[in-house]
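Chemist: Quick one: the structure is below, and I'll ask about it shortly.
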């Protein structure tokens, strides 16, 4: 694997742009299908962060959820935490996180921790 060093501010900008792009697709696809598949690129980045920096992985997921909800085409078509936490598994199929027991722990962690990014709301 090729690794490169990236300054923290640049890394944050890269993730922000990535999230914005992925959220647009996620919101559009969710409105059309009801499936909250965040895309394989997101799954790849999420899996890497999960293995290297768990808190950043949870934050990335929360950012994606927030931006996808903001991008919703109409009220009532917003991606939900429950749907995204469940359907993230589709994006992790090429990663070690795709194993059933591992994914169950990921889903449990996301459902427990992400509401704090939304002021503790559990209805997201």
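In the working numbering, the protein residues as written are 19 to 142. Even glycine gets a Cβ: it sits at the ideal position worked out from N, Cα and C.
(1) Pull up the distance between the alpha-carbon of residue 127 and that of residue 79, whole angstroms please.
(2) Do you know whose CA, among 77, 75, 76, 98, lies nearest residue 86's CA?
(3) Thinking C-alpha only, which one of 113, 103, 34, 134 is nearest residue 65?
(4) My output table needs one value for residue 113: the three-state DSSP class, helix, strand or coil.
(5) Report the option in 121, 137, 130 whose CA atom is closest to the CA atom of residue 68.
(6) Let's test the definition: count the other Cβ atoms within 10 Å of the Cβ of residue 91 and tell me whether it reaches 16, buried, or not, exposed.
(7) Using three-state DSSP, classify residue 53 as helix, strand or coil.
(8) According to the neighbour-count rule (16 or more other Cβ atoms, all chains shown, within 10 Å of its Cβ), is residue 82 buried or exposed?
(9) Counting along the chain, where does the alpha helix (DSSP H) carrying residue 119 start and finish?
(10) Label residue 53 either buried or exposed according to how many other C-beta atoms from any shown protein chain fall within 10 Å of its C-beta, with 16 as the threshold for buried.
(11) Would you mind working out which of 88, 59, 55, 34 sits nearest residue 104, comparing C-alpha positions?
Modeler: Looking at the atomic coordinates:
(1) Taking the straight line from one Cα to the other gives about 11 Å.
(2) 98
(3) 113
(4) coil
(5) Per the C-alpha coordinates, the member of 121, 137, 130 positioned closest to residue 68 is 121.
(6) exposed
(7) Residue state, collapsed to three classes: coil.
(8) Around the beta carbon of residue 82, a 10 Å sphere encloses 16 or more other beta carbons of the protein chains shown; the residue is thus reported as buried.
(9) 118-131
(10) exposed
(11) Between residue 104 and the set 88, 59, 55, 34, the nearest pair of CA atoms involves 55.
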